[in-house]
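J.: Have a look at the structure that comes next, please.
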Amino acid sequence: MSNPDAYQELAQVFKSRGNQVLEIEIIPSSLGSFLQDGNAVGTSKKTLVAAYTVARQLFSNLQPGDFSQHAITEIMLLFDCEHLTACNWRKRRLNAAMAAPGFSQDLLQAELTLMTSYQCSPLHRHTKSPTLWHHRLWVLGHLLQMRSHSPQDLLDLLKSELEGVLRAGELHPRNYYAFSYMRQLSVLLIDSGAHWDSLTIDRIVDWCLANPRDISGWSFAVYVLGSSTQQSQVQALEKVARFALGVGWEGESLWTFIAQSAQRFGLEASLERMLIPEKTDTIHEAIPDGSRWSTWLELARAYWAHNGR
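Take a look at the structure:
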């Protein structure tokens, strides 16, 4: 496949997607240069490089203020998710559109689904791209400014964005940038009237239990619990502690969550009652520093030994 043909193939995919989310994957050359089945798209690395070569040349020839060829930057960002010049061009394009009469928010929605196509596809660098997460926050910030939202609308948006972040976290473990984005977005939404409900908190905790080595997820869970009710805090801590005790989990990330939650939310006594049901004072006195994750892990080990595990 020639370079122009490679560019046309990918450009047509982006031009025809409408507001749909694509699942894009880099495939081995042995499977072909380009495959598409509905919204699932596969391209070989060689084809992507060829398309990018053409896109970069076309981009350099664009006239200032010409925002008609947006597929050019979509291909450039598919090849290089940290291409700041391409990303800033897209911001200028959106700013110009927002300043024009008759602007439709569909353009911002389409930009969000483009970011989702990058960030929730098995593209290793895109899922953890600070440039793309920052751009996504910029787009959502403008959407929130354009109209008022009911608390339920904000909660639905919070849940929708959370699912995207959790998907990115599965594709790229310890995805600090994705969870950092979610923290910043939650500040915007909570200031606008949204709140974390119990079902959403359960979803976060369940994700962490399914990915117990992911410290980024656990840190985010502590952050969310900090703005929730005491009942939610107690339920989350007890759920995680029961899981750890039940399966004999000794990983640092999970026990760091337990230690931080117990100390930050004043739940040390509740946790002690789970780990030391008979109030064995000799065990507690031997491990006095409840702020350290290893403290609680040692208590858990004593619990397992006491119960024959």
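Numbering (this note's numbering), first residue to last: 141 to 449.
Note that beta-carbon positions come from the ideal geometry of N, C-alpha and C, so glycine has one too.
These numbers were taken from a predicted model, which means no experiment stands behind them.
1) On the three-state DSSP scale, how would you describe S184?
2) When burial is assigned at 16 or more other CB atoms within 10 Å of the CB, is E222 buried or exposed?
3) So, is T435 buried or exposed, given that buried needs 16 or more other C-beta atoms within 10 angstroms?
4) Could you tell me whether the Cβ atoms of S372 and W395 are closer together than 9 Å?
5) What do you get for K268, buried or exposed, if any count of 16 or more other CB atoms within 10 angstroms of its CB means buried?
6) For S320, which of L298, A250, E303, F360 has the nearest alpha-carbon?
7) Compare the C-alpha of M322 against each of W229, G172, R404, L302 and name the closest.
8) What's the gap between the Cα of L385 and the Cα of Q148?
9) Per DSSP, what are the beta-bridge partners of F174 in this structure?
10) Taking DSSP's pairing of strands, which residues face I167 in a bridge?
11) Using the C-alpha atoms, what's the distance from A151 back to A226?
12) In angstroms with no decimal places, state the Cα-to-Cα distance between D354 and Q400.
13) Can you tell which of D220, P262, H210 has the C-alpha that lies nearest to the C-alpha of E251?
14) What is the DSSP secondary structure of H223, counted as helix, strand or coil?
15) Determine, using beta-carbon pairs with one atom in the stretch 304-318 and one in the stretch 259-277, whether at least three such pairs fall under 8 Å.
16) The alpha helix (DSSP H) spanning G281 covers which residue range?
17) Secondary structure at S156, three-state DSSP: helix, strand or coil?
18) Apply the 10 Å Cβ neighbour rule to E390 and answer buried if 16 or more other Cβ atoms are within range, or exposed otherwise.
19) Of all the alpha helix (DSSP H) runs that stay within the bounds of the stretch 230-256, which reach a length of 4 or more residues?
20) Leaving out five residues on either side along the sequence, give the residues of the same chain with a beta carbon under 8 Å from the beta carbon of S184.
21) Let's test the definition: count the other Cβ atoms within 10 Å of the Cβ of W444 and tell me whether it reaches 16, buried, or not, exposed.
22) By DSSP, does C260 sit in helix, in strand, or in coil?
23) Of the choices A318, L415, R441, whose alpha-carbon is the least far from that of L277?
24) Answer with buried or exposed for G178, where buried requires no fewer than 16 other C-beta atoms within 10 angstroms of its C-beta.
25) Helix, strand or coil for A426 per DSSP?
26) If F230 and T213 are in contact, beta carbons under 8 Å, what's the gap, nearest whole angstrom?
27) Which term fits N201, buried or exposed, when burial requires 16 or more other beta carbons within 10 angstroms of its beta carbon?
28) What first and last residue would you give for the alpha helix (DSSP H) that runs through M322?
T.: Per the coordinate set shown:
1) strand
2) The C-beta of E222 has fewer than 16 other C-beta atoms within 10 Å across all chains shown, which makes the residue exposed.
3) Classification of T435: buried, given that the 10 Å Cβ count is 16 or more.
4) no
5) buried
6) F360
7) The residue with the shortest Cα to Cα distance from M322 is L302.
8) L385 and Q148: Cα-Cα distance of roughly 56 Å.
9) By DSSP's assignment, F174 forms a beta bridge with T183.
10) S184
11) Cα-Cα distance, rounded: 15 Å.
12) Approximately 15 Å between the Cα atoms of the pair.
13) Closest option to E251, Cα to Cα, is H210.
14) coil
15) yes
16) 270-286
17) Three-state DSSP puts S156 in a helix.
18) exposed
19) none
20) Same-chain partners within the cutoff: I166, I167, P168, S169, L171, G172, S173, F174.
21) exposed
22) Looking at C260 - three-state DSSP - the assignment turns out to be coil, as it is neither helix nor strand.
23) A318
24) exposed
25) Because A426 carries a pLDDT of 45, less than 50, the predicted location of this residue cannot be relied on, and no value is offered for it.
26) Reading off the sequence shown, one finds Arg at residue 230, where the question assumed Phe. With a Cβ gap of about 6 Å, R230 and T213 count as contacting.
27) exposed
28) 316-331 is the extent of the alpha helix (DSSP H) around M322.
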